[in-house]
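Chemist:
Protein chains: 2
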Amino acid sequence: MKVAKFGGSSVANATQIKKVAEIIKSDPERKFIVVSAPGKRDSNDFKMTDMLINMGTAYINNENYEEYYSIVLKRFKDIIDELNLSSLLLEEIERSIKQTLFENVSNDVKMDSVKAIGENNNAKIISAYLSDIGLTANYMNPKQAGIIVSDEPGNAQILPESLPKMYSLREQEGIIVIPGFFGYTNKGKLVTFSRGGSDITGSIVAAGVQASLYENFTDVNSVYTVNPNIVDNPKEITELTYKEMRELSYAGFSVFHDEALIPAIKAKIPVCIKNTNNPDAKGTLILAEREVNDKCVSGIASDTGFCSLYVSKYLMNREIGFGRKLLHILEDEGISFEHAPSGIDDMSVIIREHRLTPEKEELVIKRINDELHPDTVSLQRGIAVVMIVGEGLVKTVGVAHRATSAFYNANVNIEMINQGSSEVSMMFGIQAVDMDKAIRSLYQAFFE
Amino acid sequence: MKVAKFGGSSVANATQIKKVAEIIKSDPERKFIVVSAPGKRDSNDFKMTDMLINMGTAYINNENYEEYYSIVLKRFKDIIDELNLSSLLLEEIERSIKQTLFENVSNDVKMDSVKAIGENNNAKIISAYLSDIGLTANYMNPKQAGIIVSDEPGNAQILPESLPKMYSLREQEGIIVIPGFFGYTNKGKLVTFSRGGSDITGSIVAAGVQASLYENFTDVNSVYTVNPNIVDNPKEITELTYKEMRELSYAGFSVFHDEALIPAIKAKIPVCIKNTNNPDAKGTLILAEREVNDKCVSGIASDTGFCSLYVSKYLMNREIGFGRKLLHILEDEGISFEHAPSGIDDMSVIIREHRLTPEKEELVIKRINDELHPDTVSLQRGIAVVMIVGEGLVKTVGVAHRATSAFYNANVNIEMINQGSSEVSMMFGIQAVDMDKAIRSLYQAFFE
Chain X
1081 MKVAKFGGSS VANATQIKKV AEIIKSDPER KFIVVSAPGK RDSNDFKMTD
1131 MLINMGTAYI NNENYEEYYS IVLKRFKDII DELNLSSLLL EEIERSIKQT
1181 LFENVSNDVK MDSVKAIGEN NNAKIISAYL SDIGLTANYM NPKQAGIIVS
1231 DEPGNAQILP ESLPKMYSLR EQEGIIVIPG FFGYTNKGKL VTFSRGGSDI
1281 TGSIVAAGVQ ASLYENFTDV NSVYTVNPNI VDNPKEITEL TYKEMRELSY
1331 AGFSVFHDEA LIPAIKAKIP VCIKNTNNPD AKGTLILAER EVNDKCVSGI
1381 ASDTGFCSLY VSKYLMNREI GFGRKLLHIL EDEGISFEHA PSGIDDMSVI
1431 IREHRLTPEK EELVIKRIND ELHPDTVSLQ RGIAVVMIVG EGLVKTVGVA
1481 HRATSAFYNA NVNIEMINQG SSEVSMMFGI QAVDMDKAIR SLYQAFFE
Chain V
1081 MKVAKFGGSS VANATQIKKV AEIIKSDPER KFIVVSAPGK RDSNDFKMTD
1131 MLINMGTAYI NNENYEEYYS IVLKRFKDII DELNLSSLLL EEIERSIKQT
1181 LFENVSNDVK MDSVKAIGEN NNAKIISAYL SDIGLTANYM NPKQAGIIVS
1231 DEPGNAQILP ESLPKMYSLR EQEGIIVIPG FFGYTNKGKL VTFSRGGSDI
1281 TGSIVAAGVQ ASLYENFTDV NSVYTVNPNI VDNPKEITEL TYKEMRELSY
1331 AGFSVFHDEA LIPAIKAKIP VCIKNTNNPD AKGTLILAER EVNDKCVSGI
1381 ASDTGFCSLY VSKYLMNREI GFGRKLLHIL EDEGISFEHA PSGIDDMSVI
1431 IREHRLTPEK EELVIKRIND ELHPDTVSLQ RGIAVVMIVG EGLVKTVGVA
1481 HRATSAFYNA NVNIEMINQG SSEVSMMFGI QAVDMDKAIR SLYQAFFE
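Going line by line, the protein sequences match chains X and V. Just so you know, the numbering used here puts 1112 at position 32 of the first sequence, and the rest follows in order with no gaps. Just so you know, the numbering used here puts 1286 at position 206 of the second sequence, and the rest follows in order with no gaps.
1) Given a cut-off of 8 Å on the beta-carbon distance, is the pair G1276/V and N1296/V in contact?
2) Would you identify the three-state DSSP class for Y1488/X, choosing helix, strand or coil?
3) Would you mind stating whether I1366/X and Y1322/X have Cβ atoms separated by less than 8 Å?
4) Evaluate the contact criterion for the stretch 1168–1183 of chain V versus the stretch 1232–1252 of chain V: three or more CB pairs, one atom per stretch, below 8 Å.
5) Cα separation between I1445/V and E1439/V?
6) Below 6 Å CB to CB, which residues in the same chain sit around N1029/X once its five sequence neighbours on both sides are set aside?
7) Can you pull the chain V neighbours of L1407/X, defined as C-beta to C-beta under 8 Å?
8) Considering only their Cβ atoms, is the gap separating R1432/X from G1385/X smaller than 8 Å?
9) In or out: D1450/V buried (at least 16 other Cβ within 10 Å) or exposed?
10) Out of S1193/X, G1268/X and G1198/X, point me to the one whose CA is closest to I1228/X's CA.
11) In whole angstroms, what is the alpha-carbon distance linking P1359/V and V1300/V?
12) Find the residues of chain X that neighbour F1487/V, judging by a C-beta separation of less than 9 Å, and give them in chain order.
13) Between which two residues does the beta strand (DSSP E) containing G1555/V stretch?
14) Contact between the stretch 1478–1490 of chain X and the stretch 1466–1481 of chain V is defined here as three or more beta-carbon pairs at a separation below 8 Å; is this criterion met?
15) Could you work out which residue in E1172/V, G1254/V, G1214/V and N1187/V is closest to N1201/V when comparing CA atoms only?
16) Go through the stretch 1092–1122 of chain X residue by residue and report every complete run of the beta strand (DSSP E) that reaches 3 residues or more, in order.
17) Alpha carbon to alpha carbon, what distance is there between K1195/X and I1400/V?
18) Check whether the stretch 1298–1318 of chain V and the stretch 1205–1218 of chain V touch, using three or more Cβ-Cβ pairs below 8 Å as the test.
19) So, are the CB atoms of I1317/V and S1382/V less than 8 Å apart?
20) Can you give the Cα-Cα distance for R1461/X and A1518/X, rounded to whole angstroms?
21) Could you check what DSSP says for K1393/V in three-state terms: helix, strand or coil?
22) Between P1222/X and I1494/V, what straight-line distance do the alpha-carbon atoms span, to the nearest angstrom?
23) Less than 8 Å between the CB atoms is what I'm expecting for H1419/V and N1498/V, so what's the real figure, rounded?
24) Using C-beta distances below 7 Å, list every residue in its chain close to L1270/X, excluding the 5 sequence neighbours before and after it, in chain order.
25) Going along chain X in order, which residues have a C-beta closer than 7 Å to the C-beta of I1424/V?
26) Would you tell me roughly how many angstroms separate the C-alpha atoms of E1147/V and A1138/V, rounded to the nearest one?
27) What first and last residue would you give for the alpha helix (DSSP H) that runs through A1361/V?
28) If you draw a straight line from the alpha carbon of A1225/V to that of L1249/V, how long is it in whole angstroms?
29) Determine the DSSP secondary structure at V1289/X, reduced to helix, strand or coil.
30) What are the start and end residues of the beta strand (DSSP E) that includes T1272/V?
31) Is the distance from the Cβ of A1464/V to the Cβ of M1496/V below 8 Å?
32) Using beta-carbon positions only, say whether L1165/V and Y1219/V come within less than 8 Å of one another.
33) Specify the secondary structure class of P1314/X as computed by DSSP and reduced to three states.
34) With which residues is P1259/V paired in a DSSP beta bridge?
35) Within 8 Å of any Cβ in chain V, is that where the Cβ of I1431/X sits?
36) Taking Cβ positions, are L1163/V and A1094/V nearer each other than 8 Å?
Right, dumping it as structure tokens:
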């Protein structure tokens, strides 16, 4: 019994939805279908969810929302027409959008309900189409499915106790189509997940029904060993562990929304990334464990947008609590840090640049000076992080040697190395301007 | 105007003291002489300070102290006789030892005074000998010199306000011989520094009198680029910065007692390591700044006795304060840590093994489990730390490459790399059993 989730580009128009239907039809194990809102049809297109946010915001601010409304409705009409579905369905959708928009509720509640319009009605359309081509399929609202969440609009969290109750969904007849991106509180209020939250819905359903596989259909054949925007035609990854995936996605691999997989991972459900446009491609399988072969590096990820806060003080390592106090100042100011490598008399803290606005920067540096009396404190922006990821990597002699050789061959200075804290990755900090050439050189060293 | 400090082996017997006198005589700038207690005359010998500790302990415990007393006195007698000094001096020394030993004071106070007997009387002997060979030289007690310290027996700290007052010592006539290792509180109580504290006295005097140079005479020609017990005849280091020295001494270079140089460093006094047995050798000069040449690595230090506490938790990096809380537990238990490299979902804390007794280990791991709910927590002992130290190292492309190549060539797995937190060093964690071969390979890579 599988859960298949289809992303925005997989359900962007009738042509795509027909592909989705073929995929569902081809494997009777695909019982639970989770769908996104219609995504972009081409690179100049809009995502329906963006349009819905515009519409909701305009309505709340008493501005002109009608234009957005027409665009949204037209998009649904096009899909319904091209799929040759009954116009009654469009009328039902129109009614439901109007009701959501005009309902007399608080702005928070209205906004979350408006944002959910895309997924909700796309699920109705796809369910109708599946029935139309002869499959037994039913739309199921997340409330009915038992997706009960915390009351945090735009950032709902699944309530753990709701998962076991979902197991009985396996008994339902036929294919069940569930809209992604939202759930309901115990009091019955609609609340959305964070953006990209259809992955979360899929993950929750997979965990709840104890699926044998959670298939995540998107528009790429697989996860690649390196960013295809930097290296042409990079090798595909066939198998990854959860840990590897998390480390890769941390540094720029936009495979999954950060927290999306938690429910599936906790339930140890294997996850497969597949391509709606090329469903025969093997895809990338993500597992709790995998066999480690001699090629110990799985992928190389990289991301810009980091900065480094450097603090030095003579005899720092004899001052019990120095590191703790420094991290406490950051915590106090609500700034989470990424890494904090420390030397004997020095400590660096790597932070996402956007977390340290110029005002926060000034405040943090002032507090460090006032409270810790360091010899120096400084901030360097424009840092890129490069992660070399692979199970078994830390126990393999020579990986650091190959990696640093690759940086050297590309004439890139390594500002920071952090190895040994994680068992599956090695992290390097370099100047952001050097990132692309460093990545190409690393790819050559490990994959060519 | 220079301060010259002579270590235990440099003043162990009459032969050595004659060398010291020659050194002092050869440079009229050597005005302030700081001396240790007589050290070992050969590898089977004892240090006088150890004998004094035995004597004091025995006396306090009402045990037989006379044997130690005789050994101490005999040692002074031999030196005085061989230097052909007046027997009146020996009588004075004998009187003073007895007075110190039998004085009716608390055990703490007595112990510190007993420990100081070696330096104090050696200074009197050396001063007498310098006068005897025609130099104008006077013994000066630390109280008279203005070395006013905190009331922490065995671990005195210089009071910063006492330093400026010492400047007037420059006006004194002739050579001034000051015993190392102890000072006096504001109330006039004798208190010793931590062990090896004659270096501290020299450093304090150099800072106080604003010396042009602090010469530290010992029994090696210089600081070596690597431990001579691991690599035969290693290259000598001619210049080091304070920072480099500190990083080298951290990981096993026993050049200086950890805190000894603080006063000299704060006053930016250059420090020179010289050999009493070969005073013409250039030695190693330690400075605030030095010109960085193309050979950016100054030295390679290594030390065993570390352990690594590993903690992993899924989504750790999104949990604000996780790292801080972990370090807080260690602080709470009085365990200072060396480094704390962190990954995305993992954090390692490197700790000196002796700080983590099996009982503390159990307690700390229990607290981490109870308070932080990690996925895993484990401790690995038997780690060695290797430090590659050099100004300019972090800005030089290819250093990491050469270093990791050396580990690879020696077939040594790198468990941990910490680079970028310090501006002058790169740190590696390896299995202690691999240390010697790794060091030999690194030496070859950087110095041959």
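C-beta atoms are modelled at their ideal positions from N, C-alpha and C, and glycine is treated no differently. This one's a predicted model, so the numbers in the text were calculated from it and none came from an experiment.
Modeler: Concretely, from the data shown:
1) no
2) helix
3) yes
4) no
5) 10 Å
6) There is no way to answer for residue 1029/X, as the model of chain X reaches only from 1081 to 1528.
7) G1401, G1403, R1404 and L1407
8) yes
9) exposed
10) G1268/X
11) 10 Å
12) V1477, G1478, A1480 and H1481
13) Nothing about residue 1555/V can be reported from this structure: the residues present for chain V run from 1081 to 1528 only.
14) yes
15) E1172/V
16) 1110–1115
17) 29 Å
18) no
19) no
20) 18 Å
21) coil
22) 50 Å
23) 6 Å
24) D1192, S1193, A1196, F1262 and Y1264
25) R1326, E1327, Y1330 and S1502
26) 10 Å
27) A1361/V -> no alpha helix (DSSP H), and no H or E assigned at all.
28) 7 Å
29) coil
30) L1270 to T1272
31) no
32) no
33) coil
34) V1115/V
35) no
36) yes
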